[in-house]
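Trainee:
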Amino acid sequence: SIQMKIKLIIADDNSFIREGLKIILSSYEEFEVLETVNDGNEALKYCQNNEVDVALLDVRMPNMNGVEATKHISEQTKTKPLILTTFDDDEYIIDAVKNGAKGYLLKNNEPERIREAIKSVYHGNTVMQDLVLDKIRTNLSSNASTADTKIDTSMFTQRELDVMALIAKGFSNKEISKQIYISEGTVANYITSILGKTGLEHRTQIAIFYITGKVD
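The numbering of the sequence shown is the numbering used here, which starts it at 10 and goes up by one.
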């Protein structure tokens, strides 16, 4: 059986990084780098006109930055945007996630880590680096203590609120199941139910929602 390759594009205004990533990622047999582009605008056009599985987008680019590109690409195409950046810049991160980014990675990662992230995003998961989540959390909790959460608690069962609080602390399903003595499957069911009630798409959005009280 022919292994279907994961089709990628890389958008970065730094040609050194762009071509470097292309060389690294092309060395893995599961990837095909279709194109490297200079800015968000070119990335969007390419995704509109070609079948791209994952778009690696730098945050800061001319003509259309990675956050705007993420928004348009996730609204108009089937491509999954993965933000690559050298800046652990909180506002960008939060905006990119709200706009449909499936993950957020620092460029200075080991190639293996970037490879795993792309595969994970391709398979429908979200990739957020712990230090990025920590930063979001510190940033948000300095503005609001999680104790007086702003969300409308009447929408949720107590168990769902417990699960949300632990997601906001960055716990995995496994850790949550140990904390509140339920199975991982049950945790997953609660998460599905929370996503259904809020219209959110993944756990990072739940964390941000729980901490800020805003879905958007």
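Glycine included, each C-beta is placed from N, C-alpha and C at the ideal position.
Does the stretch 200–214 come within contact of the stretch 114–128, defined as at least 3 CB pairs closer than 8 Å?
Mentor: No, the stretch 200–214 is not in contact with the stretch 114–128.
Trainee: Ordered along the chain, which non-local residues of its own chain (more than five positions away) have a Cβ less than 7 Å from that of T230?
Mentor: There is simply no residue 230 to check, as the chain begins at 10 and stops at 225 in what is shown.
Trainee: Taking the alpha-carbon of K14 as reference, which of E28, L30, V42 has the nearest alpha-carbon?
Mentor: One-based indexing of the sequence shown puts residue 14 at position 5. The shortest Cα separation from K14 among E28, L30, V42 belongs to V42.
Trainee: Could you give the DSSP three-state label for K16: helix, strand or coil?
Mentor: For the purposes of this step, residue 16 is taken as the residue at position 7 of the sequence shown. Three-state DSSP puts K16 in a strand.
Trainee: If you draw a straight line from the C-alpha of N50 to the C-alpha of H81, how long is it?
Mentor: For the purposes of this step, residue 50 is taken as residue 41 along the sequence shown, with counting starting at 1. For the purposes of this step, residue 81 is taken as residue 72 along the sequence shown, with counting starting at 1. When rounded, the distance between both Cα atoms is 10 Å.
Trainee: Kindly confirm or deny that the stretch 102–115 and the stretch 207–220 touch, where touching means at least three C-beta pairs closer than 8 Å.
Mentor: Touching, yes, given that three or more Cβ pairs across the two stretches are closer than 8 Å.
Trainee: Out of N23, T195, E28, L17, which one is the CA nearest neighbour of E39?
Mentor: Taking the first residue of the sequence shown as 1, we reach residue 39 at position 30. Out of N23, T195, E28, L17, L17 has the C-alpha closest to the C-alpha of E39.
Trainee: Would K31 be called buried (16 or more neighbouring beta carbons within 10 Å of its own) or exposed?
Mentor: The residue labelled residue 31 in the question sits at position 22 within the sequence shown. Looking at its Cβ environment, which holds 16 or more other Cβ atoms inside 10 Å, K31 is buried.
Trainee: Could you have a look at I127 and say whether DSSP puts it in helix, strand or coil?
Mentor: In the sequence shown, residue 127 corresponds to position 118, counting from 1. Three-state DSSP puts I127 in a helix.
Trainee: Near K206, which residues of its chain fall below 6 Å by C-beta distance, leaving aside the five closest residues on each side in sequence?
Mentor: The residue labelled residue 206 in the question sits at position 197 within the sequence shown. So the qualifying residues of the chain are M164.
Trainee: Please classify G133: is it buried, with 16 or more other beta-carbons within 10 angstroms of its beta-carbon, or exposed?
Mentor: One-based indexing of the sequence shown puts residue 133 at position 124. With fewer than 16 other Cβ atoms within 10 Å, it is exposed.
Trainee: Determine the burial state of N75: buried for a count of at least 16 other Cβ atoms within 10 Å of its Cβ, exposed for fewer.
Mentor: The residue given as residue 75 occupies position 66 in the sequence shown. Looking at the sequence provided, one finds Gly at residue 75 rather than Asn. The residue is buried, with at least 16 neighbouring Cβ atoms inside 10 Å.
Trainee: What would DSSP say about T135, mapped onto helix, strand or coil?
Mentor: Locating residue 135 in the sequence shown gives position 126, where the first residue counts as 1. Three-state DSSP puts T135 in coil, outside helix and strand.
Trainee: Does DSSP classify A110 as helix, strand or coil?
Mentor: Counting from one through the sequence shown, the residue named residue 110 turns up at place 101. Looking at A110 - three-state DSSP - the assignment turns out to be coil, as it is neither helix nor strand.
Trainee: Does the distance from the C-beta atom of K89 to that of I26 stay below 8 Å?
Mentor: What you label residue 89 is simply residue 80 of the sequence shown in a count that begins at 1. What you label residue 26 is simply residue 17 of the sequence shown in a count that begins at 1. Not a contact, by the Cβ cut-off of 8 Å.
Trainee: Express the C-alpha separation of I19 and L65 in angstroms, rounding to a whole number.
Mentor: Here the question's residue 65 lines up with position 56 in the sequence shown. Here the question's residue 19 lines up with position 10 in the sequence shown. Approximately 5 Å between the Cα atoms of the pair.
Trainee: Mind reading off the beta-carbon distance from Y219 to I176? Whole number of angstroms is fine, and I expect it under 8 Å.
Mentor: Numbered from its first residue, the sequence shown carries residue 219 at position 210. Numbered from its first residue, the sequence shown carries residue 176 at position 167. With a Cβ gap of about 7 Å, Y219 and I176 count as contacting.
Trainee: Just curious, the alpha helix (DSSP H) that F25 is in, first and last residue?
Mentor: Reading the sequence shown from its first residue, position 16 is the one you call residue 25. Start and end: 24–35.
Trainee: If you run the structure through DSSP and keep just helix, strand and coil, what is P71?
Mentor: On the sequence shown, position 62 is the one that residue 71 refers to. Residue state, collapsed to three classes: coil.
Trainee: Could you give the first and the last residue of the continuous alpha helix (DSSP H) run that contains I172?
Mentor: Translated into positions along the sequence shown, residue 172 becomes position 163. According to the sequence provided, residue 172 is Val. The question's Ile does not apply to it. First-last of the alpha helix (DSSP H) with V172: 167–177.
Trainee: Given this structure, state the Cα-to-Cα distance separating E44 from N58, to the nearest angstrom.
Mentor: Position 35 of the sequence shown, counted from the first residue, corresponds to residue 44. Position 49 of the sequence shown, counted from the first residue, corresponds to residue 58. C-alpha separation (whole angstroms): 12 Å.
Trainee: Of the choices V68, I160, D62, T166, whose alpha-carbon is the least far from that of S129?
Mentor: Your numbering for residue 129 matches position 120 in the sequence shown. Of the listed residues, the one whose Cα sits closest to S129 is D62.
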